[in-house]
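For reference, the structure is listed below as structure tokens.
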Amino acid sequence: MGKGFPWINQINLTDDLLNVNNYSPLPNYGENGSPVYVPKMDHTQAKRLFAINQFNIVASDMISVNRSLPDIRKQTCRVKKYPDNLPDTSIIIVFHNEAWSTLARTVHSVILRSPHRLINEIILVDDASQRKFLGQELDEYMNKLSKEIKIQIRILRSTNRIGLIRARIMGANFAKGQVLTFLDAHCETTNGWLEPLLHRILIDGKVAICPVIDIINDQNFAYVRSFEAHWGAMNWALNFRWFSVGHAELKRMHKKNFDSTKSFRTPIMAGGLFSIRRDYFFELGTYDSHLQVWGGENIEMSLRIWQCGGKVEIAPCSHVGHVFRSSSPYSFGKKQVGDVLYGNLIRVAEVWLDDWKNFFYKVNPTAKQILHHDRNDILKDIEKRIDLRRKLNCHSFEWFLENVWPENFFPNTNTTFGHIQSLYSKECMQRPSNGVHPIGKVIMAKCSIEIYGPQSFIIPLTGETGYIKSDESVCIDANSKKTNASILLIGCNQLERQKWRYDSKFKQIIHIKSSLCITIDRRKTTLSLAKCLSNNNKRQAWKIISQNWNND
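The numbering used here applies: residue 1 is where the sequence shown begins, and numbers increase by one.
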């Protein structure tokens, strides 16, 4: 049962079933990006096959590889004209045991919705796929398609699993286009997606430019337009996150004569889909080839570009759909997924984070343990990447935080990092959850002796006004117009209602907008705003327990 496919666990699938190509499109299914609902009689099969690729392959196989999509661009984007001298590009798509229909649909969408004169070639890099239809059948199909459209489609094959990162380097080494455009193998490009990317690179050759990434539903393959005013960043564990665009950037976007077709900065790119000049990609040192499989390469690439004099941006006129999966369907060799990802992020921290690498280890003790057990393998040839940083004369991580991402929620020397303890209950403020979106009412819990992420906050220095931030870009917030307003954690928005000041004399945390104080109730469980009292009221008394974040 599935012996040749080690990434398939605990599902009863034969090799014959894994190797069959069931692509059989039905008329009008999925057209204009509409959802496809699998008939009831096929529900069981769809559930069984879901684990192969972590999306509904039965639905995908019912949709044409040439399906139509809505033009979701703004009107200003639709009418924008581009010069005739745009650089050409090599489209690089890495795949490993990808479903036929999603891979073919990615290629066809590029062909359908790109000016052919701008495509130098399409390079498919096979990272040691085992499914039979991705061998000779794919070769024959792409050869025939290449002759029909008169664009070279090349398939490069690695006989051993090398992972996404090294496979992309392999594709880049063979590429001839002036620009490299990387796409994942389960994407669909939309009308006018390519020109904005190439135009931005024509203007500035030191930009890595990304499309707006729309969502292709993993269950029914509906095409869903994304909110454009988002950018990429990272949390304390160096995991990629989408956040609302910073306040300063939003103000710029809302100016009267603002050109809404212009690209905007993003501190970190998602990494799956972007364009970059080929010569600049190699000048920067391509990818770190010692990063394993995938994960963290987008963080490393983004920091390297920004810190070494380039820019990372998002083009609002370029939209590409991507099948977002809740988990990876693939194996990571002999290592566990977490070990591989932490290993990659450790390399990022060691090369690019300076003193903040100590912060990374303190809030992620698992990473420190993994480094201790596998140091030589994880840090192999890391001196070469450090030398590259020196050779490129790169800025510090502090420069990145101050100049590229001033909205960040990382500690620095101008703030206090630590816990906030009630002198009444002796407990500490804590985020309501430890997930991706830890929003809700601030809770109280037993204080941790060590640095503990859910209880850790970035706090303005005593007497200064500012935001009380925590991981995942959440800030302590209160509704100034409401009596007894609850103390909340919500997404940082840089509004006045999120500004606070710590008064060391009365040990009060004062809400600037309302001049009220954070107060704990007599049951020692609930926090709210109340009138500030000057009689040493312990329910309004707080101790800031500072913790050392930047020493080894």
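Even glycine gets a Cβ: it sits at the ideal position worked out from N, Cα and C.
Two segments are said to touch when three or more pairs of C-beta atoms, one from each, lie closer than 8 angstroms; by this definition the region 172-186 does not touch the region 223-240. Here Ala233 carries a strand assignment [DSSP, helix/strand/coil].
In the displayed model, Leu341 falls within a helix according to three-state DSSP. Taking Glu472 as the centre and dropping the five residues before and after it, the same chain places the C-beta of Asn235, Pro438 closer than 6 angstroms to its C-beta, in chain order. Beyond the five residues adjoining it in sequence on each side, Arg389 comes within less than 8 angstroms, by CB distance, of Arg304, Gln307, Cys308, Val351, Trp352 in the same chain, given in chain order.
Cβ-Cβ distances below 7 angstroms link Thr286 to Ile169, Ala172 in the same chain, with the five nearest sequence neighbours on each side left out; the list follows chain order. Under the three-state reduction of DSSP output, Arg278 falls in the helix class. Collapsing the DSSP output to three states places Phe182 in a strand. Residue pairing of Arg304 in beta bridges, as defined by DSSP: absent, with no partner found. Cβ neighbours of Asp61 within its own chain (closer than 7 angstroms, five residues either side excluded): Asn22, Tyr23, Ser24, Ser101.
At a cut-off of 4 residues, not a single continuous stretch assigned as alpha helix (DSSP H) sits fully inside the region 116-140. With a contact defined as Cβ atoms closer than 8 angstroms, Leu273 and Phe182 qualify at about 7 angstroms. Beta-bridge pairing by DSSP links Arg431 to no other residue. Counting only the Cα atoms, Ile165 lies some 7 angstroms from Leu291. For the set Phe281, Val340, Ile52, Asn493, the Cα lying nearest the Cα of Asp218 is the one of Ile52. In its chain, beyond the 5 residues on either side, Lys441, Ser486, Ile520 have a beta carbon closer than 8 angstroms to the beta carbon of Thr526.
By alpha-carbon distance to Asp71, the top candidate from Gly321, Asn537, Ser514 is Gly321. Under the 8 angstroms Cβ criterion, the region 253-270 counts as touching the region 68-87, having at least three qualifying pairs. Per DSSP, reduced to three states, the secondary structure at Thr76 is helical.
The residue from Leu423, Thr413, Ser456 with its alpha-carbon nearest to that of Asn434 is Ser456. When only Cα atoms are considered, Ser244 and Met269 end up about 14 angstroms apart. The C-beta distance from Ile386 to Arg347 rounds to 10 angstroms, too long to fall under 8 angstroms, and the pair is not in contact. Annotated three-state conformation of Phe360 is helix, per DSSP.
Taking all protein chains in view, the Cβ of Thr44 is surrounded by fewer than 16 other Cβ atoms within 10 Å, so the residue is classified as exposed. Taking one beta carbon from each stretch, the region 503-520 and the region 475-489 have 3 or more pairs nearer than 8 angstroms; the two touch.
Apart from sequence neighbours up to five positions away, the residues of its chain that approach Trp542 with a beta-carbon distance below 8 angstroms are Ile420, Gln421, Ser422, Leu423, Tyr502, Lys507, Gln508, Ile509, Ile518, ordered along the chain. Bridge partners of Glu297 according to DSSP: none are assigned.
About 13 angstroms separates the beta carbons of Ile151 and Leu124, which is beyond the 8 angstroms limit, so they are not a contact pair. When C-alpha distances from Glu228 are compared across Leu145, Ser302, Ile314, Ile203, the shortest belongs to Ile314.
Short of 7 angstroms from the beta carbon of Leu112, and not among the five residues preceding or following it, lie these beta carbons of its own chain, in chain order: Asn66. Here DSSP, grouped into helix, strand and coil, assigns Ala530 to strand. According to the DSSP assignment, Gly466 belongs to the beta strand (DSSP E) that extends over 465-467. Cβ atoms of Thr266 and Trp294 stay farther apart than 8 angstroms, at about 19 angstroms. Asn344 counts as buried, since no fewer than 16 other beta carbons sit within 10 angstroms of its beta carbon. For the pair Asp184 and Tyr452, the Cα-to-Cα distance works out to about 36 angstroms. One Cα belongs to Leu18, the other to Ala233, and the distance between them is close to 37 angstroms.
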